[in-house]
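Residue numbers (UniProt numbering), protein chains in the order written: chain H, 1 to 174; chain E, 1 to 174. Note that the Cβ used here is the ideal one computed from N, Cα and C, for glycine as well. Treat the numbers as computed from the prediction; the structure is a model and nothing was measured.
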DNA sequence: ACAAGTGTAAAATGATCATTTTACACTTCA
DNA sequence: TGAAGTGTAAAATGATCATTTTACACTTGT
């Protein structure tokens, strides 16, 4: 594993567990096992590092959502939660923590959420055989809801969302 | 308006717009229009101040959810979003920012989410005429989803959730 | 052999952090 | 009158913040 990957991996873990602002560069440096000079050569700044982390997370997350049905979408979320835990959406958390005032971060979040919305719409269309923006919006809300309710309701929230999506899809089919 | 109320109001605004960690005591002191000595006499610490803010928000939010139908629940959310904007759930954000490591904050969040979950279950039971924990979980997920998807999808997300809840409720009725 | 590139360790930068302290003014009530 | 309570303004505390700099070691390709 090269230095950049090691840095991004360590940073993602710390930002996710303790928050962006609360994570100091000292801890990042120590966790990544490199000097501050090297870290800044690779990342440029703390904000840019967070943007890089979000980029990596976007790739990893979106890869899991390469599925052909709405049910598989929620199955993928169940897997994600099982593997990565439930601490909410890192993108929305980063945006909220910075009040939307950090351009690199705001742009990374906007790009991810646009891709995510588009993906949901595609999967809904593939599953249903035709486009249905309203249903897609509902599925997106269920997905986002499962992600956040899961923080305090656990895996139950995800399976409830999965079931609700199935009901709504069935309703749209008839 | 007394000093404590003024402090809580100013603090809620700043924490909500800029995040808990990123908001310094200097800004709080300036916004509340009082000395640091007075602020610490009233709040005790920054973490306790955030806990007080969450307590006030819980009262204000839960008061809006004193309704008798699931549809009114989402109507209340639409009102809330119109008045207070869409920056996600301050409770979950505070919890994530502190990594769950600040007891005062973790307790305030747990108390609120317990009350919130209970309220949803009550409203679902009242609307349906009988208890239905599974449907309540789905409504909770839709509510939480609308709150968070609304950040980037706007009011559309809330009305989609409202519609979805109506469909699920109708399904449970038959 | 030597220049360029990439790395480390550690100190310095100057700002900002949450919190406490010092010194003083105003009201209230006995 | 005078003590207690509540407030302000401003400085001091000591830690921690993100970032830069200085000085040095190791590899690599020519």
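Check your understanding: How would you write the range of the alpha helix (DSSP H) that residue 1 of chain H sits in, first residue to last?
Key -> Looking at the DSSP string, residue 1 of chain H is not in any alpha helix (DSSP H), and its letter there is neither H nor E.
Review point. So, residue 142 of chain E versus residue 145 of chain H, is the Cβ gap smaller than 8 Å?
Key: yes
**Study point:** Pairwise C-alpha distance: residue 4 of chain H and residue 77 of chain E
**Key:** 43 Å
Review point. Which residue from E:132, E:14, E:171 puts its Cα closest to that of residue 87 of chain E?
Key: E:14
Point to revise | DSSP state of residue 172 of chain H mapped onto helix, strand, coil | key: helix
Point to revise | Proximity winner among H:166, H:81, H:102, relative to residue 156 of chain H (alpha-carbon distances) | key: H:81
**Study point:** Environment of residue 132 of chain E [buried if 16+ CB atoms lie within 10 Å]
**Key:** buried
**Study point:** 6 Å CB neighbourhood of residue 10 of chain E in its chain, flanking five on each side removed
**Key:** 31, 32
Check your understanding: In its own chain, which residues sit with a C-beta less than 8 Å from the C-beta of residue 179 of chain H, not counting the 5 before and 5 after it?
Key -> Shown here, chain H extends from 1 to 174; a query on residue 179 of chain H therefore has no answer.
Point to revise | Limits of the unbroken alpha helix (DSSP H) element including residue 25 of chain E | key: 25-32
**Study point:** Residues in the segment 141-158 of chain E having any Cβ partner in chain H nearer than 8 Å
**Key:** 141, 142, 143, 144, 145, 146, 147, 148, 149, 151, 152, 153, 156, 157
Check your understanding: Tell me which same chain residues have a C-beta within less than 7 Å of the C-beta of residue 172 of chain H, skipping the five on either side of it?
Key -> 128, 132, 135
**Study point:** C-beta neighbour in chain E for residue 3 of chain H, strict 8 Å
**Key:** no
Check your understanding: With DSSP run on the structure shown, which of helix, strand or coil describes residue 66 of chain H?
Key -> coil
Review point. Taking Cβ positions only, does residue 42 of chain H come closer than 8 Å to chain E?
Key: no
Review point. Which residue comes first and which comes last in the alpha helix (DSSP H) that contains residue 117 of chain E?
Key: 103-128
Practice item. Tell me, please, whether the segment 112-127 of chain H touches the segment 41-48 of chain E by the rule of three or more beta-carbon pairs shorter than 8 Å. Key: no
Check your understanding: Below 8 Å between beta carbons: does that hold for residue 19 of chain E and residue 21 of chain H?
Key -> yes
Practice item. Helix, strand or coil for residue 22 of chain E, going by three-state DSSP, please let me know. Key: coil
**Study point:** Cα-Cα separation between residue 165 of chain H and residue 114 of chain H, rounded to whole angstroms
**Key:** 21 Å
Exercise for review: Assign residue 162 of chain E to one of three DSSP states: helix, strand, or coil.
Suggested key: helix
**Study point:** Proximity below 8 Å, CB of residue 70 of chain H to CB of residue 139 of chain H
**Key:** yes
Check your understanding: Any idea what DSSP makes of residue 145 of chain E, helix, strand or coil?
Key -> helix
Check your understanding: What's the call for residue 83 of chain H, buried or exposed, on a 16-neighbour Cβ count within 10 Å?
Key -> exposed
Review point. Between which two residues does the alpha helix (DSSP H) carrying residue 93 of chain H extend?
Key: 90-97
**Study point:** For residue 64 of chain E and residue 8 of chain H, the rounded distance between their alpha carbons
**Key:** 42 Å
Point to revise | chain H within 8 Å of residue 27 of chain E, Cβ atoms only | key: no
Point to revise | Through-space distance from residue 161 of chain H to residue 153 of chain H, alpha-carbon basis | key: 12 Å
Practice item. State the Cα-Cα distance for the pair residue 12 of chain H and residue 85 of chain H, rounded to the nearest angstrom. Key: 13 Å
Review point. Alpha helix (DSSP H) containing residue 36 of chain E: first to last residue?
Key: 36-43
Check your understanding: Does DSSP put residue 86 of chain H in a helix, in a strand, or in coil?
Key -> coil
Practice item. Please classify residue 131 of chain H: does DSSP put it in a helix, a strand, or coil? Key: coil
Practice item. Classify residue 55 of chain H as helix, strand or coil using the three-state DSSP reduction. Key: helix
Exercise for review: Can you tell me which of E:147, E:2, E:169 puts its alpha carbon nearest to the alpha carbon of residue 61 of chain E?
Suggested key: E:147
Check your understanding: Cα-Cα, which of E:169, E:34, E:163 is closest to residue 126 of chain E?
Key -> E:169
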